[in-house]
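First comes the structure, then the notes that go with it.
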Amino acid sequence: MKRLISLLITVIIVFGVIFSLILFNNKSVNSNSNLNIVSTTGMINDIVINIAGDKAETISLMGSGVDPHLYKASESDVSKMENANIIFHNGLHLEGKMAEVFENMKKLGKTTVEVSEDIPENMLLEPDDGYGTHDPHIWFNVNLWIMASEKVYETLSDYDKKNSEYYKKNYENYIRSLNELNDYVIKKVKEVPEDKRVLITAHDAFNYFGNAYGFSVKGIQGISTSSEAGTKDIIELADYIAKNKIKAIFIESSIPKRNIQALQEAVKSRGFNVEIGGELFSDAMGDAGSFEGTYYGMVKHNVDTIVNALK
1 MKRLISLLIT
11 VIIVFGVIFS
21 LILFNNKSVN
31 SNSNLNIVST
41 TGMINDIVIN
51 IAGDKAETIS
61 LMGSGVDPHL
71 YKASESDVSK
81 MENANIIFHN
91 GLHLEGKMAE
101 VFENMKKLGK
111 TTVEVSEDIP
121 ENMLLEPDDG
131 YGTHDPHIWF
141 NVNLWIMASE
151 KVYETLSDYD
161 KKNSEYYKKN
171 YENYIRSLNE
181 LNDYVIKKVK
191 EVPEDKRVLI
201 TAHDAFNYFG
211 NAYGFSVKGI
221 QGISTSSEAG
231 TKDIIELADY
241 IAKNKIKAIF
251 IESSIPKRNI
261 QALQEAVKSR
271 GFNVEIGGEL
281 FSDAMGDAGS
291 FEGTYYGMVK
301 HNVDTIVNAL
311 K
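Numbering (full-length UniProt numbering), first residue to last: 1 to 311.
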């Protein structure tokens, strides 16, 4: 009997030591490991990379050329979000097919944040195509993207208070670069005469750009690429282009070229030649590791392409 009691005591002590070691190890890992952060789009991930720096492992679910309006989360995406500390998404129904996934993540207790959440409603644009919510393409107004960056900074600082000063320094540096970018865009667009500032693209993604920098904007499709472009849309735009002698129209990296090519042919049949002015990055940035694969590079590429084609 004594032997049995002694054996039980030994087993309890051993398990107690093992359990204590596990707790200590977990505590040590948690205190030294980086945050795991998942962002839906590359534009948001660019904010996170610049502010979180080496304090986070970052994942962007959508790469270059991916259309967020049509994107559906895979099992792998869901697994990544389940293992994340923080999930950032655009909001305003940009990732419309992922709404249920975000709600499920919140139910699991995940910190799930819309970067557009704190932008004043009077600064958001109302679409006229029955989209059902505000225009989600806020990143085309650099000043609004600065507000989105502030939301990311505040979330990181609240979640990981011990590194708040580190995040603050990175945030200030990032905002400085965005202010420089905004100044560049304002100066660059002045190269285009005011009566030539008409931007025509595959879908209505550039209204914030037009509103902020003085362009009239028209798209073949509506705010969301889930809406279909009809023959009537192309006919009306072709008439407008031919009448106003618009020099160039633009394809988008995340949308098939066929509608823009059809529009170009429709304009040609009216006796006017409109050029395809180049490819713009609308709902996705360029390839990872490229200049256009950064938010700064994406915006600069777009404004340079637009201005060079229209001036």
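For every residue, glycine included, the Cβ atom is placed at its ideal position computed from N, Cα and C.
Which residues does DSSP list as the beta-bridge partners of residue i?
i: residue 114; result: 89
i: residue 35; result: 56
i: residue 203; result: 221
i: residue 279; result: 251
i: residue 48; result: Beta-bridge pairing links residue 48 to no other residue.
i: residue 216; result: 198
When you compare only the Cα positions, how much space is there between residue i and residue j?
i: residue 122; j: residue 271; result: 42 Å
i: residue 34; j: residue 47; result: 17 Å
i: residue 264; j: residue 200; result: 11 Å
i: residue 232; j: residue 192; result: 29 Å
i: residue 127; j: residue 205; result: 10 Å
i: residue 306; j: residue 62; result: 25 Å
i: residue 293; j: residue 64; result: 8 Å
i: residue 71; j: residue 93; result: 12 Å
i: residue 262; j: residue 96; result: 28 Å
i: residue 27; j: residue 162; result: Note that residue 27 has pLDDT 35, beneath the 50 cutoff, so the model's placement of it is unreliable and no number is given.
i: residue 99; j: residue 78; result: 12 Å
i: residue 113; j: residue 102; result: 9 Å
i: residue 133; j: residue 212; result: 20 Å
i: residue 244; j: residue 286; result: 32 Å
i: residue 190; j: residue 184; result: 10 Å
i: residue 240; j: residue 174; result: 40 Å
i: residue 73; j: residue 236; result: 36 Å
i: residue 76; j: residue 56; result: 20 Å
i: residue 54; j: residue 169; result: 13 Å
i: residue 311; j: residue 58; result: 39 Å
i: residue 194; j: residue 89; result: 35 Å
Within the same chain, show all residues whose beta-carbon is closer than 6 Å to that of residue i, passing over the 5 residues directly before and after it, in chain order.
i: residue 125; result: 135, 207
i: residue 139; result: 43, 145
i: residue 242; result: 267, 270, 272
i: residue 295; result: 43, 46
i: residue 60; result: 39, 42, 45
i: residue 300; result: none
i: residue 157; result: 164, 167
i: residue 171; result: 51, 153
i: residue 81; result: 38, 87, 105
i: residue 291; result: 297
i: residue 137; result: 205, 208
i: residue 257; result: 251
Should residue i be labelled buried (16 or more other beta-carbon atoms within 10 Å of its own) or exposed?
i: residue 68; result: buried
i: residue 17; result: With a pLDDT of 36 at residue 17, under the threshold of 50, the predicted position of this residue should be treated as unreliable, and no value is reported.
i: residue 238; result: buried
i: residue 298; result: buried
i: residue 91; result: buried
i: residue 214; result: exposed
i: residue 176; result: exposed
i: residue 49; result: buried
i: residue 116; result: buried
i: residue 234; result: buried
i: residue 230; result: exposed
i: residue 24; result: Annotation note: pLDDT 35 at residue 24 (below 50); position unreliable, coordinate value reported separately. Exposed, because fewer than 16 other Cβ atoms sit within 10 Å of the Cβ of residue 24.
Considering only residues of the same chain and omitting the five flanking positions on each side of residue i, which have a CB-CB separation below 8 Å?
i: residue 111; result: 85, 86, 87, 155, 159
i: residue 309; result: 247, 248, 250, 275, 277, 278
Using a Cβ-Cβ cut-off of 7 Å (strictly less than) and excluding sequence neighbours within five positions of residue i, which residues of its own chain qualify?
i: residue 302; result: 280, 281
i: residue 202; result: 219, 220, 221, 251, 252, 255, 259, 260
i: residue 210; result: 199, 216, 217
Look at residue i and residue j and say whether their C-beta atoms are less than 8 Å apart.
i: residue 119; j: residue 147; result: yes
i: residue 181; j: residue 142; result: yes
i: residue 323; j: residue 83; result: Residue coverage of the chain in this structure runs from 1 to 311, which leaves residue 323 outside it and unanswerable.
i: residue 178; j: residue 149; result: yes
i: residue 66; j: residue 288; result: no
i: residue 188; j: residue 304; result: yes
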